[in-house]
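Heads up: the structure comes next, in structure tokens.
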Amino acid sequence: MSYLLRSRVTSTRLVTPIIKRTCFSTTARQFQQQQQQQQKVDQESKVTHFGFRDVPEEQKESLVRQVFANVAGNYDVMNDAMSLGIHRIWKDQFIRSMAPGPGTKLLDVAGGTDKNLGDIALRFLDYCRNIHQDSTASVTMVDINPHMLEEGKKRFSKTPYANTNQASFFVQNAENLEEIPDESMDVYTIAFGIRNCTHVDRVVKEAYRVLKPGGRFMCLEFSQVDNPVISKFYDIYSFDVIPVLGQVIAQDRDSYQYLVESIRKFPPQEKFAQMIRDAGFSTVGKGYEDLTFGVAAVHSGYKI
Ligand SMILES: C[S@@+](CC[C@H](N)C(=O)[O-])C[C@H]1O[C@@H](n2cnc3c(N)ncnc32)[C@H](O)[C@@H]1O
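Numbering-wise (my numbering), the sequence shown opens with residue 552 and increments by one.
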């Protein structure tokens, strides 16, 4: 309840009221000035959500960064707690659905936190090695947080891919992948990362830019449960159990409260599928597959 109250107070403070327009005494010039003033107000008061709170857009990135800094060290345990360990099965299914061929160039965005860094990248390289005996596939991992990438390099240094040119790492914001050239990748993945980004539409547009024609966008993310009975249990688990686990496991209730709130604020499956199409991708069928009653979903689109 307290977060709801906090949310309301914050939004009242941050969202500037619309300027009233009186028509009968307003000249065209005054109206134009008011329009310009209104536009300025709208631009200045751009807000986004951070969990259930409204925050100025420019603050979200650092708030998210702080969350992942707070949960570092315990994130992998919490990922298990949040998904009841099922995230591993989802990730296996994600790679099977990708079915990469030999020599595939993958860009894995928002690569991860602690031991999760490289979950997608390693599964991908293992798949290419085991299924195709291929050592020409490569993965570029990016994350906004340099600390996460350092952890990823450590993890990779203990794998068969150490000292090969199959894995590279860049600190990058998913909304602006300036180190990644246009049309350079075969597949783009983002797993449990996109809901933390401020402008989801920009993330998807960047994915479109960096993919080669024929390339594939794939997103694995917590999503919305449709079944009312399961949804009720899921809500209780999310809002009453996970924050308590966060407190017990990591002595950090707030970060885990954010994680569950951010899941509810992420667009539902149909809406996100439409955003993917709006960015220029073609989707097959409805464009997504629900996993575990919609607790998570895989969205996919092709750059045709
Ligand atoms: C939940 S973790 C990802 C976990 C991992 N991909 C996995 O499969 O388990 C979210 C990651 O997104 C990263 N992140 C958040 N905002 C980002 C952004 N705008 N651009 C790139 N990475 C971002 C965080 O630093 C964090 O490492």
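Beta carbons: idealized from backbone N, C-alpha and C, even for Gly.
Being a predicted model, the structure only gives us computed values, none of them experimental.
Can you tell me whether F720 sits near ligand 1, meaning its C-beta is under 6 Å from at least one heavy atom of the ligand? In the sequence shown, counting from the first residue as 1, residue 720 sits at position 169. False, no ligand heavy atom lies under 6 Å from that Cβ.
From this set, C748, E734, M769, S789, which residue's C-alpha is nearest L762's C-alpha? The residue labelled residue 762 in the question sits at position 211 within the sequence shown. Comparing Cα positions, the closest option is E734.
Does DSSP classify F720 as helix, strand or coil? One-based indexing of the sequence shown puts residue 720 at position 169. Of the three classes helix, strand and coil, the one that applies to F720 here is strand, per DSSP.
Tell me whether N747 counts as near ligand 1, meaning its Cβ is closer than 6 Å to at least one heavy atom of that ligand. Within the sequence shown, residue 747 is the residue found at index 196, counting from 1. Because some heavy atom of ligand 1 lies under 6 Å away, the Cβ of N747 counts as near it: yes.
Who does C770 pair with in a DSSP beta bridge? As a first step, residue 770 is located in the sequence shown; it is residue number 219 there, counting from the start. BP columns for C770 point to I741, H850.
State the Cα-Cα distance for the pair V660 and S782, rounded to the nearest angstrom. As a working mapping, residue 660 is identified with position 109 in the sequence shown. As a working mapping, residue 782 is identified with position 231 in the sequence shown. V660 and S782: Cα-Cα distance of roughly 29 Å.
Nearest to A801 by CA position, among E612, K597, D627, F603, is which residue? Walking along the sequence shown from the start, residue 801 turns up at place 250. Closest by alpha carbon: D627.
Look at the Cβ atom of F721, then the Cβ atom of V693, and state whether they are nearer than 7 Å. In the sequence shown, the residue the question calls residue 721 occupies position 170. In the sequence shown, the residue the question calls residue 693 occupies position 142. Inclusion of F721 and V693 in the CB contact set at 7 Å is warranted, their separation being smaller than that value.
I695 Cβ short of 6 Å to ligand 1 heavy atom set: Position 144 of the sequence shown, counting from 1, holds the residue named residue 695. Yes, Cβ of I695 sits closer than 6 Å to a heavy atom of ligand 1.
T691 and L658 - do their beta-carbons sit closer together than 7 Å? Counting from 1 along the sequence shown, the entry for residue 658 is found at position 107. Counting from 1 along the sequence shown, the entry for residue 691 is found at position 140. Contact: yes.
Using the rule of at least 16 other Cβ atoms within 10 Å of the residue's Cβ for burial, across every protein chain shown, is F784 buried or exposed? As a first step, residue 784 must be located in the sequence shown, where it is residue number 233. Answer is exposed; the Cβ neighbour count stays below 16.
Give the DSSP bridge partners of E840, in chain order. Start at 1 with the first residue of the sequence shown, and residue 840 comes out as number 289. According to DSSP, E840 bridges with V849.
Where D694 falls: helix, strand or coil (DSSP): Against the sequence shown, residue 694 aligns to sequence position 143. Assignment of D694 by DSSP, reduced to helix, strand and coil, places it in the strand class.
Skipping 5 residues on each side, what residues in its chain have a beta carbon closer than 6 Å to that of A758? On the sequence shown, position 207 is the one that residue 758 refers to. Correct list, in chain order: Y739, F768.
By the three-class DSSP mapping on this structure, what secondary structure does F707 have? The residue you call residue 707 lines up with position 156 of the sequence shown. Note: F707 maps to helix in three-state DSSP.
Is any heavy atom of ligand 1 found at a distance shorter than 6 Å from the C-beta of G624? For the purposes of this step, residue 624 is taken as the residue at position 73 of the sequence shown. Outside the cutoff, so no.
Note down the Cα distance separating K854 from G765, rounded to an integer number of angstroms. Locating residue 854 in the sequence shown gives position 303, where the first residue counts as 1. Locating residue 765 in the sequence shown gives position 214, where the first residue counts as 1. Cα to Cα, K854 sits roughly 5 Å from G765.
Close Cβ partners of S553 (< 8 Å) along its chain, the five nearest in sequence each way excluded: Locating residue 553 in the sequence shown gives position 2, counting from the first residue. Any reading at S553 must be qualified, since the residue scores a pLDDT of 38, below 50, and its modelled position is unreliable; no value is offered.
In whole angstroms, what separates the C-alpha of K837 from that of S851? Within the sequence shown, the letter at position 286 stands for residue 837. Within the sequence shown, the letter at position 300 stands for residue 851. The alpha-carbon atoms of K837 and S851 are separated by roughly 10 Å.
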